[in-house]
Amino acid sequence: MGRTIKTYRSRLESELAGWKNFRRALRKDEQEALDQLFEYARKHGDAGTMVPTFDVGAVMLLTMLLELQKKLNVLDAKFDELNKMVEACK
1 MGRTIKTYRS RLESELAGWK NFRRALRKDE QEALDQLFEY ARKHGDAGTM
51 VPTFDVGAVM LLTMLLELQK KLNVLDAKFD ELNKMVEACK
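First residue of the sequence shown: 1, per my numbering; consecutive thereafter.
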């Protein structure tokens with residue numbers, strides 16, 4: 001007997017496939033950026049399965065934002081470190 005409810009990962013892939021025409025309309029560099037966002041969503045598939053919702057889009061966007069926030073945190077830390085080095089040279 002098969003599944004009656006699609007898995008989160010299956011629903012996520014369906015959601016991402018729905019953006020195919022939008023992606024095609026973007027410039028090459030924008031397509032690459034969108035592909036990276038899609039990879040962020042896939043990266044957190046395990047966490048997505050733990051959310052009791054059928055709104056895959058919301059979980060997908062949250063996981064994309066999570067990865068972007070992690071990158072911002074790294075950049076902020078590097079920026080602070082560079083500022084300290086500049087202040088120490090004064």
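Where a beta carbon is used, it is the ideal one built from N, C-alpha and C, also for glycine.
Query, Result
"On the three-state DSSP scale, how would you describe residue 66?", "helix"
"Just curious, the alpha helix (DSSP H) that residue 22 is in, first and last residue?", "20 to 24"
"Spatial neighbours of residue 48 within its chain, please: CB distance less than 7 Å, with the 5 preceding and 5 following residues excluded, ordered by chain position.", "8, 12, 59 and 63"
"Output the boundary residues of the alpha helix (DSSP H) element that contains residue 54.", "First-last for residue 54: undefined, no H or E at that position."
"Considering only their Cβ atoms, is the gap separating residue 38 from residue 16 smaller than 7 Å?", "yes"
"Name the two residues that bound the continuous alpha helix (DSSP H) containing residue 11.", "8 to 17"
"What number of angstroms, rounded off, separates the C-alpha of residue 90 from the C-alpha of residue 40?", "41 Å"
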